[in-house]
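Numbering (the numbering used here), first residue to last: 1180 to 1436.
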């Protein structure tokens, strides 16, 4: 898991589009103003939140917002959240729905801590304890997920079963159960994430397509549209991507205004 701290310093309302990411997102909110998430379905959630993988067409907004945002590996998400990642695909839920009264206690504890580093340490302790007490993923599933991440989604998913030592049917079933996506969709999401971060730093779209393993630029365009609902040109300027190199560097724990 990796963490970042966000606060708006009274600079005015926050309103940003969420870009799908190959992790389950946990937001521990403790500011004066509630964090609000608007989904494409019209459903609205407030406060501390959990967002599944492909949370496309979702906007995050609020004012006087302060929060610790955690990107959870799907290998750890079930132990931390108490719910399968498969149940979180395309879903945004409140932490209260998953943790009950424990969510309010966590919000209070995080809000009482004065420095960001202490907040990170507290959140790390809370989540690490839950990971230690929860179930772990099968080694074969963890191996397949690692291969997909390590190849930026470029691994041939047909080869994963033979490399893991399991049958294709068993690996696909257990992977979907524990990761929350099929291996093919997981590889697409990881490849998409790699490509859009290249676009965000100004890389040429055609070259990005080639370097990210797409057949051509049209293939990249279709995947970006499928995951985000916008074009690669629009995606390149998204605030959500622009802050990543600041928010998630230095061992994954940073404060961002």
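Don't be surprised by glycine CBs; every beta carbon is placed ideally from N, CA and C.
Task: residue 1424 (DSSP reduced to helix, strand or coil) - done: helix
Open item on the list: For residue 1195, which residues in the same chain have their Cβ closer than 6 Å to its Cβ, ignoring the five residues on either side in sequence?
Closed with: 1239, 1418, 1419
Task: C-alpha distance - residue 1343 paired with residue 1382, whole-angstrom precision - done: 35 Å
Open item on the list: Would residue 1317 and residue 1357 qualify as a contact pair, given that the criterion is a beta-carbon distance under 9 Å?
Closed with: yes
Open item on the list: Under DSSP, the beta strand (DSSP E) around residue 1241 begins and ends at which residues?
Closed with: 1238-1241
TODO: Please say whether residue 1180 and residue 1252 have beta carbons closer to each other than 9 Å?
DONE: Inclusion of residue 1252 and residue 1180 in the CB contact set at 9 Å is warranted, their separation being smaller than that value.
Open item on the list: By alpha-carbon positions, which one of 1367, 1355, 1319 ends up nearest to residue 1339?
Closed with: 1319
Task: Where the alpha helix (DSSP H) containing residue 1307 begins and where it ends - done: Counting along the chain, the alpha helix (DSSP H) containing residue 1307 begins and ends at 1295-1312.
Open item on the list: Taking the straight line between their C-alpha atoms, what separation do you get for residue 1412 and residue 1352?
Closed with: 36 Å
Open item on the list: I'd like to confirm the pairing. Which residues does DSSP put opposite residue 1194 in its beta bridges?
Closed with: 1240.
Open item on the list: Checking 9 Å against the spacing of the C-beta atoms, do residue 1332 and residue 1385 come in under that value?
Closed with: No.
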